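Heads up, the thing below is written out as structure tokens.
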Amino acid sequence: MRLTDFFLPTIKENPKEAQIASHRFMLRAGMIRQSSAGIYSWLPLGFRVLKKIEQIIREEMDRAGCQELLMPTIQPAEIWRESGRYDVYGKEMLRLIDRHDREMLYGPTNEEMITEIVRSSIRSYKDLPKNLYHQQWKFRDEVRPRFGVMRGKEFLMKDGYSFDVNKESAINSYNKMFIAYLRTFARMDLKAIPMQADTGPIGGDLSHEFLVLAETGESEVFCHKDILNFEVPGPDTDYSTDLQPIVDKWTSLYAATDEKVDVSKHTEIGASLVSARGIEVGHIFYFGDKYSKAMGATVAGPDGNDITLEMGSYGIGVSRLVGAIIEASHDDNGIIWPDAVAPFKVGIINLRVGDKSCDIACEETYTKMRDQYVEVLYDDRNESVGVKFADMDLIGLPWQIVIGPRGLKEGKVELKNRSSGVKEELSINDALNNILG
RNA sequence: CGGAGCGUGGCGCAGUCUGGUAGCGCACUUCGCUGGGGGUGAAGGGGUCGUAGGUUCGAAUCCUAUCGCUCCGACCA
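If you're matching positions, the first sequence starts at 8 in the working numbering and goes up one per residue.
Below, the structure written as structure tokens:
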């Protein structure tokens, strides 16, 4: 993509409303624009990152045996009356009335809807277990949205739901998600720590929140420092084996959010206690028959008698992750994208647009990378170099290739790694090989 | 939902106290110089001062209402 074609409205000054790094950089880098409080448009650069995150989640969910579907944003009030949550949920639920005076709502979550789908389609224990998920926009009418996409009213969430015939099987489904979550966040270069959590309005008795440690986290968290170095299960993890030992290991040491604090543990752990702030990026629940019972979701068991389904639900804040990743990875100049979610892998800076040797070298580099399907953004604008360097650092692409007349006299370009800051003078081909290798 | 603020050109702000018909920086447009970290000179374009009503000869400025947004707290993926 040529920058003269790409829609990238960057901002030099800090918007005054943005208090934290991720919000500031997302606005400045032209990733998002606010529409109204807590509601944002995703501009091309931000949208590319969002899609990358979605895809990683998709791959890890599918690998763990889940299946993706898509449920609507607007739901009928009836199913929420059935579960009993219509009156409980309060003002955070955006309620709507259609032209036939039918009560509708913009879904804040989908337990009722998925239960409705499964109960009407699955009749036999032989069809279970199943784990279904979607990545859909949700709406919660937050009293006070803040921190940009980290706490918006409208947000993209991956929510999955497991259905099993008994508790043992349900816990196995829960464990699969536990592992899949560790893998998902690790692929985004995030250190997400599973912590005991409150189950809140969703209910249930087994639940973990996954928190990314960051100074700007919304909640105070505590954990044993050794958890930070636990090894994340690899891509070859076999989900058909017993996963309990891995889950047991990850839950063996103390880790809790402020709502589940156990002060006696703190004195016990002593110097190994880590006290930090965390951003919640995932939350998993096992809640048994809370919804299946209320909504009559049953299947026929081997003996012909009805079995009430055992359920769990599993959320990941997809849009929030964009902010969380930036909080975890930035410097004073801007964002530093991990490779896996970067909107482009490489940025080419033409230091002297109009200079024949520069233009030719840039075009050649750009074409070569495109031919190899490397995602590349070519800054071909006729701007001063300072502007180009500043914008490139701001948008945080992992690699920068800087091409100017001075280096070209020696047949060299400069390859800069955004994360390490290391710069090397190389031939165009060596630079390409470094990036591809 | 409690508390505190702010709405003036695309962005950041001054002007409001003490009424006299709008200004600064950045950005933008054109041209020139410059050319390895937000360079520079000249010439331009763009605002019924959030909205509505009121007071006044006259309102960005005073009064009333209303809408929007932000920050702190309580709440939450």
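Note that CB positions come from ideal geometry on N, CA and C, so glycine has one too.
Note that the structure is predicted; figures quoted are calculated from it, not measured.
Rounded to whole angstroms, how far is the Cβ of residue 229 from the Cβ of residue 281, which I believe are closer than 8 Å?
-> Here the question's residue 229 lines up with position 222 in the first sequence. Here the question's residue 281 lines up with position 274 in the first sequence. Between residue 281 and residue 229 the Cβ distance is about 7 Å, and since that is below 8 Å, they are a contact.
Neighbourhood of residue 46 by C-beta, 7 Å cutoff - its chain only, sequence neighbours within 5 removed = Residue 46 sits at position 39 when you count from the first residue of the first sequence. Closer than 7 Å at Cβ, skipping near neighbours: 159, 160 and 161.
Tell me, to the nearest whole angstrom, how far the beta carbon of residue 263 is from that of residue 269; I am working on the premise that it is less than 8 Å.
-> Position 256 of the first sequence, counted from the start, is the residue given in the question as residue 263. Position 262 of the first sequence, counted from the start, is the residue given in the question as residue 269. Sure, about 6 Å apart at Cβ, within 8 Å.
Note down the Cα distance separating residue 110 from residue 91, rounded to an integer number of angstroms.
-> Residue mapping note: residue 110 aligns to position 103 of the first sequence, counting from 1. Residue mapping note: residue 91 aligns to position 84 of the first sequence, counting from 1. About 15 Å.
Mind listing, in chain order, the continuous beta strand (DSSP E) runs of no fewer than 3 residues lying wholly within the segment 211-279?
-> 213-220, 226-231 and 262-264
Within the same chain, show all residues whose beta-carbon is closer than 6 Å to that of residue 9, passing over the 5 residues directly before and after it, in chain order.
-> One-based indexing of the first sequence puts residue 9 at position 2. So the list reads 385 and 387, once near-sequence residues are dropped.
Segment limits, alpha helix (DSSP H) that includes residue 298 | The sequence position of residue 298 within the first sequence is 291, counting from 1. From DSSP, the alpha helix (DSSP H) with residue 298 extends over 297-302.
Paired residues, beta bridge with residue 326 - DSSP | As a working mapping, residue 326 is identified with position 319 in the first sequence. BP columns for residue 326 are empty, so no partner.
State the CB to CB distance for the pair residue 35 and residue 17, rounded to an integer number of angstroms; the pair is presumed to be in contact (CB under 8 Å).
-> In the first sequence, the residue the question calls residue 35 occupies position 28. In the first sequence, the residue the question calls residue 17 occupies position 10. The Cβ separation is near 6 Å, so the contact holds.
Near residue 250, what residues of its chain come up, given a Cβ to Cβ distance below 6 Å and the 5 sequence neighbours on each side ignored?
-> Counting from one through the first sequence, the residue named residue 250 turns up at place 243. The residues are 182 and 186.
Would you be able to state if there are at least three C-beta pairs under 8 Å between the segment 69-89 and the segment 128-147?
-> yes
Test item: CB-CB of residue 288 and residue 328 under 8 Å = Taking the first sequence and counting its residues from 1, one reaches residue 288 at position 281. Taking the first sequence and counting its residues from 1, one reaches residue 328 at position 321. In this structure, residue 328 lies closer than 8 Å to residue 288 by Cβ.
Taking buried to mean at least 16 other C-beta atoms within 10 Å of its own C-beta, is residue 407 buried or exposed?
-> Translated into positions along the first sequence, residue 407 becomes position 400. Answer is buried; the Cβ neighbour count reaches 16.
Terminal residues of the beta strand (DSSP E) in which residue 307 lies | Within the first sequence, residue 307 is the residue found at index 300, counting from 1. Taken as a continuous stretch (DSSP letters only), the beta strand (DSSP E) holding residue 307 covers 305-307.
Within this structure, are the beta carbons of residue 171 and residue 180 separated by less than 8 Å?
-> Taking the first sequence and counting its residues from 1, the one referred to as residue 171 is at position 164. Taking the first sequence and counting its residues from 1, the one referred to as residue 180 is at position 173. In this structure, residue 180 lies closer than 8 Å to residue 171 by Cβ.
On the premise that residue 220 lies in contact with residue 234, defined as a C-beta separation below 8 Å, what is that separation, rounded to the nearest angstrom?
-> To locate residue 234, count along the first sequence from 1; it is residue 227. To locate residue 220, count along the first sequence from 1; it is residue 213. That belief does not hold up - the Cβ atoms of residue 234 and residue 220 are roughly 10 Å apart, past 8 Å.
When DSSP builds the beta bridges, which residues end up paired with residue 131?
-> As a working mapping, residue 131 is identified with position 124 in the first sequence. Partner(s): 307.
Around the C-beta of residue 368, are 16 or more other C-beta atoms found within 10 angstroms, so that it is buried, or is it exposed?
-> Translated into the one-based positions of the first sequence, residue 368 becomes position 361. Label assigned to residue 368: buried.
Alpha helix (DSSP H) segment containing residue 56, residue limits = In the first sequence, counting from the first residue as 1, residue 56 sits at position 49. From DSSP, the alpha helix (DSSP H) with residue 56 extends over 51-70.
Less than 8 Å separating the beta-carbons of residue 383 and residue 355?
-> Taking the first sequence and counting its residues from 1, the one referred to as residue 383 is at position 376. Taking the first sequence and counting its residues from 1, the one referred to as residue 355 is at position 348. Yes, they are a contact pair.
Can residue 341 and residue 403 be called in contact, C-beta distance under 8 Å?
-> Your numbering for residue 341 matches position 334 in the first sequence. Your numbering for residue 403 matches position 396 in the first sequence. Taking 8 Å as the Cβ cut-off, residue 341 and residue 403 qualify as a contacting pair.
Residue 111 - DSSP class collapsed to helix/strand/coil | Position 104 of the first sequence holds residue 111. In the structure shown, residue 111 sits in a strand (DSSP, three-state: E or B).
Between the CA atoms of residue 415 and residue 155 - distance to the nearest angstrom | By one-based count along the first sequence, residue 155 stands at place 148. By one-based count along the first sequence, residue 415 stands at place 408. In a straight line, the C-alpha of residue 155 is about 42 Å away from that of residue 415.
So residue 20 is in the beta strand (DSSP E); what residue range does that whole segment cover?
-> Mapped onto the first sequence, residue 20 falls at position 13. Neither: residue 20 is in no beta strand (DSSP E) and is coded neither H nor E.
Is the beta carbon of residue 27 less than 8 Å from the beta carbon of residue 334?
-> Working through the first sequence from its first residue, we reach residue 27 at position 20. Working through the first sequence from its first residue, we reach residue 334 at position 327. Contact flag set, yes.
Span separating the alpha-carbon of residue 376 from that of residue 70 = Within the first sequence, numbered from 1, the residue matching residue 376 stands at position 369. Within the first sequence, numbered from 1, the residue matching residue 70 stands at position 63. The alpha-carbon atoms of residue 376 and residue 70 are separated by roughly 30 Å.
Nearest-angstrom Cα distance between residue 302 and residue 87?
-> Walking along the first sequence from the start, residue 302 turns up at place 295. Walking along the first sequence from the start, residue 87 turns up at place 80. Roughly 9 Å between the two C-alpha positions.
When we look at the beta-carbon of residue 331 and count the other beta-carbons within 10 Å, is it buried (16 or more) or exposed?
-> In the first sequence, counting from the first residue as 1, residue 331 sits at position 324. Classification for residue 331: buried.
Shortest alpha-carbon distance to residue 294 belongs to which of 279, 305, 320 and 313?
-> Your numbering for residue 294 matches position 287 in the first sequence. Here the closest residue by C-alpha is 320.
Pair within 8 Å by beta-carbon distance, residue 128 and residue 307 | As a first step, residue 128 must be located in the first sequence, where it is residue number 121. As a first step, residue 307 must be located in the first sequence, where it is residue number 300. Cβ atoms of residue 128 and residue 307: not closer than 8 Å.
Measure from the alpha carbon of residue 359 to the alpha carbon of each residue in 37, 420, 184 and 325, then state which is nearest.
-> The residue you call residue 359 lines up with position 352 of the first sequence. When each option's Cα is compared against that of residue 359, the closest is 420.
Same chain only: Cβ atoms within 6 Å of residue 7, ignoring 5 sequence neighbours per side = Because the chain in this structure spans residues 8 to 444, residue 7 falls outside the shown range and cannot be described.
Out of curiosity, what's the CA-to-CA distance linking residue 151 and residue 434?
-> Residue numbering aside, residue 151 sits at position 144 when the first sequence is read from its first letter. Residue numbering aside, residue 434 sits at position 427 when the first sequence is read from its first letter. Their backbone Cα atoms lie some 53 Å apart in a straight line.
Assign residue 116 to one of two classes, buried (16 or more other C-beta atoms within 10 Å of its C-beta) or exposed (fewer than that).
-> Within the first sequence, the letter at position 109 stands for residue 116. Classification for residue 116: buried.
Alpha carbon of residue 417 to alpha carbon of residue 20, nearest angstrom | Indexing the first sequence from 1 puts residue 417 at position 410. Indexing the first sequence from 1 puts residue 20 at position 13. Each residue's Cα considered, the two are about 37 Å apart.
Three-state class that DSSP yields for residue 389 in the structure shown = Your numbering for residue 389 matches position 382 in the first sequence. DSSP places residue 389 in coil when its eight states are reduced to three.
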